[in-house]
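Take a look at the structure set out below.
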Amino acid sequence: MTAELLRFLSLQDYNTRVVLAGACAFGAAAGLIGTFLLLRKRALLGDTLGHSTLPGVAAAFLIAYALGAAGKSLPWLLAGAAISGAAGMVSVLMIRRFSRIKDDAALAIVLSVFFGFGVTLVTAVQQLPGGNAAGLDHFIYGKTASMTAADAWFILCMSVVVAALCAGLFKEFTLLCFDEGFAGAGGWPVRLLDGILMALVVLVTVVGLQAVGLLLVVALLVIPPAAARFWSDRLEVMAIVATAIGCLSAGAGVAASAIFARLPAGAIIVLCAAFLFSLSMVLGAQRGILLRCWHERSATRRLRCEHLLRAVYECLESGPATAAALRHKRPWKPGDLEREISRSINAGLLTPGGGGALQLTGTGRLEARRLVRNHRLWELYLLHHADVAPARVDRDADLIEHVLDPGLVDGLEAILDNERRAAFVPEDPEK
Amino acid sequence: MIPLAIRSLNVAYHRKLVLWDADVTIRAGRTTAIVGPNGAGKSTLLKAALGLIPMASGEALFFEKPLGAARSRVAYVPQRESVDWDFPVSARDVVAMGLYRKIGWCLPVRRAHRELAEAALADVGLADFSRRQISQLSGGQQQRVFLARALAQQADLYLMDEPFASVDAATEQAIQEVLRRLKNEGRTVVCVHHDLDTVSEYFDDVVLLNMRVVAQGPVNHVFSRENLRKTYGGRLTLLDEAVADLSRRGVPGSLQ
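Chains as they are written, first to last, in our numbering: chain H, 1 to 431; chain A, 1 to 256.
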């Protein structure tokens, strides 16, 4: 296996080089155009498109056979695929436009009908005398390894076309995907732009048939951009990351199938993409799960610390702040109170006093007073003046009273001046 | 010059007629509210005039020309709910979309455009939010981003679809401010509006619409109890609320 790995990495085989170049070019193009497909909320249309290429491939083969030509020239078959793929897509759009059938049903109907028709045609082709139709099922499952140099060049050219159009029409596609109505009102030819976008999707799908097959081609249109979304909130970055992920998964898939000769490259490509997707979902720098958990965790921690300080402060208003008194103030999860107390002592906010009671340190006292003051102001505000200025309430503060910003608190103070009683609302510690 | 003249506009969805021979004339340099019950075809009127949905018959003239010849003078603010706010763009990117026509086909957004976009954001009080991803804005802020996008277009006629719908008080104030400024600059504003309470406060003219145009003209002439009853039909609770409010505000000519 090491020998195979070395052979692959050194790219000695001409064939490996060809397949790698072709697959990577396809992966990159799919990731790029998939970004817009995903943002246009048409991911499933890509799946339907993939499936509806089958009758075209078989029909093209049949026509070539009837004309006595060698039926298996790739561009010819792919032209058939493109036509029937486009027909499938148009059918979906027509059903959507002229009937009250919902989107998902329209997609499911077209997908299965076209695929069923395709399977029928392929079966018919296979029964032709001397038909030599063995290659057709490559389009269903993909056979990356059968790629020739000419195929790879073809894919490469198509990818360049896709990249050039996406770069040139980046701004127009963005507008189309984000706000079709505004684009239309501004005089942009929405239909034309939509047509160009979907034609590019058809092009990439058809090109990918050979690499990953029509069942799986949608994976490379959708998974890379979906993964890329976890890494950035900017469309330019998302498009570049999606391109890279598509390219990388295709390359890794080809490598795996070169090293383990029995594995089907198409499926491995999709699995690699899925792996990168899960990685992005967990680690993503913008919306990854880890990041979110970390944010939530630190927010909960801060909240718990503030709860404790407030509870201690309130206990001290009427007596000693013992653990029992704190428990009485508010419910704590088992162990939480002890953990939080020792954490706050370490942070220099609390000191253990005599008889198991807690005392606030200087900083702790200032912090606790600020919190209690904020909290009580907020309570008063909700009770009496919630109708005064809802616009000035930070969205998050609706849920967590602890994140009132100082400016707002000053405003509240002015509003609530009438009801302010020294004993009820502690003075601002900084004044 | 009349910024927008709609003549016998008919619009149908499937077999149902939504707008019926609507004739609307918008006067230049004024703010106009289009008011009517749900399903009255208020948004449809704007969309059909802008060619976003097909007209069954009729025409819409912008500055006495067909829309195609007056595009650059018209700005549209769609309903906030019409787009996905999870889209990976920043507030500034959205506002820059208002400049796309000026930038032209295939050319990128350049620094000068970004600066214009930031200026438009500052006009609606969102200067500090220009780099924010749009899902991290509150609903009212999103509405203001849409408004800023239209402001960046520097148009003469602004068509806004429910700009005041479910926004916070700060946004309401900011939009009101913008309307006033646009009017002072001699521009024309048309808003689909749902809140009867504020019509007379925010707008000069009103178009009362319920599938057909019930009445149109200056607010203090047209926005009367009688006309509201014609527009809203038997929905008395709503009507009574509005009337109560009118009397409280003392709108001239509205309650005699």
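Heads up, the beta-carbon is just placed ideally off N, CA and C, and yes, glycines get one too. All values derive from a computational prediction rather than experimental measurement.
query: Cutoff 8 Å: A:CYS106 Cβ touching any chain H Cβ; result: yes
query: With 16 other Cβ atoms within 10 Å as the buried cut-off, status of H:PRO264; result: buried
query: Any C-beta of chain A under 8 Å from that of H:ARG234; result: yes
query: C-beta neighbour in chain A for H:MET238, strict 8 Å; result: yes
query: Cβ neighbour criterion (16 or more within 10 Å) applied to H:VAL160; result: exposed
query: Interfacial residues, the stretch 147-173 of chain H to chain A, with Cβ spacing under 8 Å; result: GLY168, LEU169, PHE170, LYS171 and GLU172
query: Residue-level contact to chain A via CB, H:GLY50, 8 Å cutoff; result: no
query: Rounded C-alpha distance that separates A:ASP123 from A:ARG92; result: 13 Å
query: Partner residues on chain H for A:ARG71, Cβ-Cβ distance less than 8 Å; result: GLY186 and GLY187
query: Identified DSSP bridge partners for A:GLN217; result: Checking the sequence, you will find Gly at residue 217 of chain A rather than Gln. Looking at the DSSP assignment, A:GLY217 forms a beta bridge with A:VAL206.
query: Cα-Cα separation, A:ASP21 to A:VAL95; result: 35 Å
query: Where the beta strand (DSSP E) through A:GLY160 begins and ends; result: Per the sequence shown, residue 160 of chain A should be read as Met rather than Gly. 157-161 is the extent of the beta strand (DSSP E) around A:MET160.
query: Inter-residue spacing [alpha-carbon to alpha-carbon] between A:LEU126 and A:GLU172; result: 14 Å
query: H:LEU49 beta carbon less than 8 Å from that of H:THR205; result: yes
query: Straight-line gap, A:ARG27 to A:ALA117 (C-alpha atoms, nearest Å); result: 29 Å
query: Nonlocal neighbours in the same chain, by C-beta distance under 6 Å from H:ILE400, ignoring five residues either side; result: Model confidence at H:ILE400 stands at a pLDDT of 36, short of 50, so the residue's coordinates are unreliable; what they give is reported in the following sentence. Closer than 6 Å at Cβ, skipping near neighbours: no residue.
query: Bridge partner(s) assigned by DSSP for A:ASN10; result: A:SER57
query: Rounded C-alpha distance that separates H:LEU271 from H:LEU9; result: 20 Å
query: Any non-hydrogen atom of the ligand PLP within 7 Å of H:ALA252 CB; result: Looking at this structure, you won't find the ligand PLP or any other ligand, since it has none at all.
query: Start and end residues, beta strand (DSSP E) containing A:HIS337; result: Absent from the structure is residue 337 of chain A, since the part of chain A shown begins at 1 and ends at 256.
query: C-beta neighbour in chain H for A:ARG80, strict 8 Å; result: no
query: Nearest-angstrom Cβ-Cβ length linking H:LEU349 and H:GLU367, presumed shorter than 8 Å; result: 6 Å
query: Beta carbon proximity, A:VAL124 to chain H, threshold 8 Å; result: no
query: Residues, ordered as in the chain, of the stretch 205-236 of chain H that lie near chain A by beta-carbon distance below 8 Å; result: ARG229, SER232, ASP233, ARG234 and LEU235
query: Buried versus exposed call for H:ASN374 [16 or more other C-beta atoms within 10 Å across all chains shown]; result: buried
query: H:ARG7, DSSP secondary structure in three states; result: helix
query: Three CB pairs or more closer than 8 Å across the stretch 236-244 of chain H and the stretch 188-204 of chain H; result: no
query: Any chain H beta carbon closer than 8 Å to A:PRO252; result: Bear in mind that the predicted position of A:PRO252 carries a pLDDT of just 48, short of 50, making it unreliable; the figure below should be weighed with that in mind. Cβ-Cβ to chain H under 8 Å: no for A:PRO252.
query: Residue-chain proximity (H:ASP104, chain A), Cβ-Cβ < 8 Å; result: no
query: Contact set between A:PHE87 and chain H, taken where Cβ atoms lie within less than 7 Å; result: LEU39 and PHE178
query: Per-residue contacts from H:LEU283 into chain D (C-beta, under 8 Å); result: Going by chain labels, chain D is absent from the structure shown, which instead holds the protein chains H and A.
query: From A:TYR158, A:ALA170 and A:LYS16, residue whose alpha carbon lies closest to that of A:MET55; result: A:LYS16
query: Cutoff 8 Å: A:VAL178 Cβ touching any chain H Cβ; result: no
query: Chain H contact residues for A:VAL109, given Cβ-Cβ distances below 9 Å; result: LYS171
query: 6 Å Cβ shell around A:LEU159 - same chain, five flanking residues per side excluded; result: LEU46, TYR76 and VAL190
query: DSSP state of A:LYS62 mapped onto helix, strand, coil; result: Note on identity: in this sequence residue 62 of chain A is Phe, with Lys being the wrong assignment. Reduced to three states, the DSSP call for A:PHE62 is strand.
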